[in-house]
Amino acid sequence: MNDSKNLPAADLRILENLTRGGIDRRKGEEELFSTYMYFIQEGMRKYPLIEDESFDAYSDTILSAIDKIADGSFERASSLKTWLYKIFQNKCVDLLRKKTTNKNKVHQTVSITDMLLHVSDAGKSIVQKLADQADEQLLKQRLTEIGANCHQLLQLSAEGHTDREIAALMEYKTADVVKTSRLRCLDKLRRLYNPT
Numbered sequence: 445m446n447d448s449k450n451l452p453a454a455d456l457r458i459l460e461n462l463t464r465g466g467i468d469r470r471k472g473e474e475e476l477f478s479t480y481m482y483f484i485q486e487g488m489r490k491y492p493l494i495e496d497e498s499f500d501a502y503s504d505t506i507l508s509a510i511d512k513i514a515d516g517s518f519e520r521a522s523s524l525k526t527w528l529y530k531i532f533q534n535k536c537v538d539l540l541r542k543k544t545t546n547k548n549k550v551h552q553t554v555s556i557t558d559m560l561l562h563v564s565d566a567g568k569s570i571v572q573k574l575a576d577q578a579d580e581q582l583l584k585q586r587l588t589e590i591g592a593n594c595h596q597l598l599q600l601s602a603e604g605h606t607d608r609e610i611a612a613l614m615e616y617k618t619a620d621v622v623k624t625s626r627l628r629c630l631d632k633l634r635r636l637y638n639p640t
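Numbering (the numbering used here), first residue to last: 445 to 640.
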């Protein structure tokens, strides 16, 4: 049941902006991100996470929330703060589990580089050139699929621009918003490479 009557005015404004497109959506994303940034410190205090890990959990929370709000999954049964904090706690716990699991797990994958050790020198350069060309072509195709904004943001980042510089160039509110936007763009790119 979508009972918006009990939500604070700030929540309603954010929700309304996030369901719109264009600049209104960006305003909603920026306001949502900046309003609850103190969760990062809370994550560091409550869980054994360093600042970058807590920031990643928070960014994942915001990205997940934006998707759920946009597709109508947020039922508005609680305030945005309460709902977001539950998601954030789950993200922190997931991150801790992943860290613990990764410490105990041995990954036994073979990289292309390792496989090239068994190929002759002439074959290596040909195989490597073909792999590089295929990777570059696929990357160009995927970059066009994620949209012009994401493409520009990732391009500027790859050229070595700082988040603060990108914020000024692309008219984002803060460098933190650029970092979250870049994570969202990289997530889109990752999903295009691995749709499962």
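Using N, Cα and C, we set each Cβ at its ideal position, and we do this for glycine too.
Only buried fits Y616, as 16 or more other CB atoms lie within 10 angstroms of its CB. Under the rule that a run must span 4 or more residues, the alpha helix (DSSP H) segments found entirely inside the stretch 498–553 read 524–548. For G472, the three-state secondary structure derived from DSSP is helix.
Only residues of its own chain outside the window of five on either side were considered, and among them M488 have a CB closer than 8 Å to the CB of I494, listed in chain order.
Taking a contact as a CB-CB distance under 8 Å, the pair L540 and Y491 counts as one, their CB atoms being some 6 Å apart. Counting C-beta pairs with one atom in each stretch, the stretch 497–504 and the stretch 459–467 have fewer than three that are closer than 8 Å, which means they do not touch. Annotated three-state conformation of E460 is helix, per DSSP. In this structure, the CA atom of L583 is about 20 Å from the CA atom of H605. Counting other Cβ atoms within 10 Å of its Cβ, Y480 reaches 16 or more and is therefore classed as buried. With contacts defined by Cβ atoms closer than 9 Å, S508 and K535 form a contacting pair. For the options T588, R628, T544 and R635, the alpha carbon positioned closest to that of I510 is the one of R628.
Taking 9 Å as the cut-off, the beta carbon of S601 is found closer than this to the beta carbon of R626.
In the structure shown, G591 falls within a coil segment according to DSSP collapsed to helix, strand and coil. A residue is called buried once 16 or more other Cβ atoms fall within 10 Å of its Cβ, and E519, having fewer, is exposed. If the five residues before and after L451 are omitted, its C-beta is found closer than 8 Å to the C-beta atoms of L459, R520, S523 and L524, all from its own chain and listed in chain order.
Inclusion of S498 and D620 in the CB contact set at 9 Å is not warranted, their separation being larger than that value.
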